[in-house]
Structures are given as C-alpha cells and as structure tokens.
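Under the working numbering, the letters of the sequence shown match residues 2 to 74, in that order. Note that CB positions come from ideal geometry on N, CA and C, so glycine has one too. Encoded as structure tokens, the structure appears first; notes follow it.
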Amino acid sequence: MTTGHVSHQTPNASVVVSLGPIREVKLTATEVEVKFGGGTKLTITRNALDDIVRERVHQAVAEMDREKIGAER
2 MTTGHVSHQT PNASVVVSLG PIREVKLTAT EVEVKFGGGT KLTITRNALD DIVRERVHQA
62 VAEMDREKIG AER
C-alpha cells in the first residue's frame, strides 16, 4: 500500500500532511489527479507539476554539489 503525503516548505516552516492510501491515479493532458482512500482528491496542474519537478531537481543538484558527486578528485 502506498500512502500519499503532501508537503509544503517555506523559509520559516514545513508542513507534511498524510492523506492515506492512494487508490487511483489519473493522468490527463493538463493535470494529474490522485484519489485517496478517505475520499480526498488531489489535482495537480501541469504548471504546478513542472514547479515541483524543477524544485526537486534543484535540490538534487545542490545535494550533489555538497557531497561533491561528479567532481574531479
């Protein structure tokens, strides 16, 4: 069972909310829709998904820089 979590981080706070088990994921040309066991539906637009992926890539690159992954030794 996969449990869905939603998180949001600002410079001053971080929030993570557990939404329960994921029951269904639907992809369309413009959004991703995730339905959870308790009846909650989360819809993520293409722009929001782009922002999320872009932020995760920036975080991964920053982590690689900190750990000097890929750097010449």
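task: Report, in whole angstroms, the separation of the C-beta atoms of Val7 and Val18, which I expect to be a contact under 8 Å.
output: On the sequence shown, residue 7 is found 6 positions in, with the first residue counted as 1. On the sequence shown, residue 18 is found 17 positions in, with the first residue counted as 1. Sure, about 5 Å apart at Cβ, within 8 Å.
query: Excluding five sequence neighbours on each side, which residues of the same chain lie with their C-beta closer than 7 Å to the C-beta of Ile45?
result: Residue mapping note: residue 45 aligns to position 44 of the sequence shown, counting from 1. Excluding sequence neighbours, Ile45 sits near Glu32 and Val33.
Terminal residues of the beta strand (DSSP E) in which Ala45 lies: As a first step, residue 45 must be located in the sequence shown, where it is residue number 44. According to the sequence provided, residue 45 is Ile. The question's Ala does not apply to it. Ile45: member of the beta strand (DSSP E) spanning Lys42 to Thr46, first to last residue.
message: Between which residues of its own chain and Lys42 is the CB-CB distance below 6 Å, once the five residues before and five after are set aside?
response: One-based indexing of the sequence shown puts residue 42 at position 41. Only Lys36 meet the Cβ criterion.
task: Please report how far the alpha carbon of Val26 lies from the alpha carbon of Asn48, in whole angstroms.
output: Working through the sequence shown from its first residue, we reach residue 26 at position 25. Working through the sequence shown from its first residue, we reach residue 48 at position 47. Distance between the alpha carbons of Val26 and Asn48 is about 18 Å.
CA-to-CA distance, Gly40 to Pro22, given in whole angstroms: Against the sequence shown, residue 22 aligns to sequence position 21. Against the sequence shown, residue 40 aligns to sequence position 39. Looking at the two C-alpha atoms, the distance is approximately 10 Å.
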